[in-house]
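Let me begin by presenting the structure, written as structure tokens, before commenting on it.
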Amino acid sequence: MSRARKVCERLRDPLCALHAQTIDVEMKDGDAKVSGRALAVTDLAVKASFLGSHDNPEAVADAAVFQFDVTEATLVRVKTDLLHIDTWTATKGLAPVERT
-11 MSRARKVCER LRDPLCALHA QTIDVEMKDG DAKVSGRALA VTDLAVKASF LGSHDNPEAV
49 ADAAVFQFDV TEATLVRVKT DLLHIDTWTA TKGLAPVERT
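Sequential numbering of the sequence shown, starting at -11, is according to our numbering.
Written out as structure tokens, the structure is:
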């Protein structure tokens, strides 16, 4: 598996988040983030299927492939003078909140 710094960091600590960059300063469409764990894929057949390199087994064996196990998703939107926050977690489901 690749020994790039980011790969080693994910192997050491799988917790991570993907955050959408909003270009709307008024946040009408919202601001999204998903959090979870990046889990290393070790099954060579799964890696080959994902990478599409069945003809080069050495490249597949050395490739760093992760699956993302989502544990939380959040969408923040501005509605009139309120901040509307929708948070979903795997254990609690959807929990909407409005703040001033």
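Just so you know, even glycine gets a beta-carbon here, dropped at the ideal spot from N, CA and C.
Owing to the predicted nature of the structure, the values given are computational and were not obtained by experimental measurement.
I'd like to confirm the pairing. Which residues does DSSP put opposite residue i in its beta bridges?
i: D71; result: This sequence places Leu at residue 71; Asp is not what is there. DSSP, once it has assigned bridges, lists V66, R87 as partnering L71.
i: K21; result: H7, T62
i: G81; result: T77
i: F56; result: A26
Measure how close the beta-carbons of residue i and residue j come, nearest whole angstrom, since I'm counting them as under 8 Å.
i: A52; j: A(-8); result: 7 Å
i: Q55; j: V22; result: The pair is not a contact, with the Cβ atoms about 13 Å apart (cut-off 8 Å).
How would you call residue i, buried or exposed, if buried means at least 16 neighbouring beta carbons within 10 angstroms?
i: K67; result: exposed
i: A36; result: buried
Ignore the nearest five residues each way along the sequence and tell me which others in residue i's own chain have a CB closer than 8 Å to its CB.
i: M15; result: V64, R65, V66
i: R25; result: P2, L3, C4, F56, D57, T59
For residue i, I'd like the list of residues in its chain whose CB is within less than 6 Å of its CB, leaving aside the five on either flank, ordered along the chain.
i: V(-5); result: A52
Please list, in chain order, all residues of the same chain as residue i whose beta carbon is under 7 Å from its beta carbon, the five residues on each side excluded.
i: G18; result: L63, V64, R65
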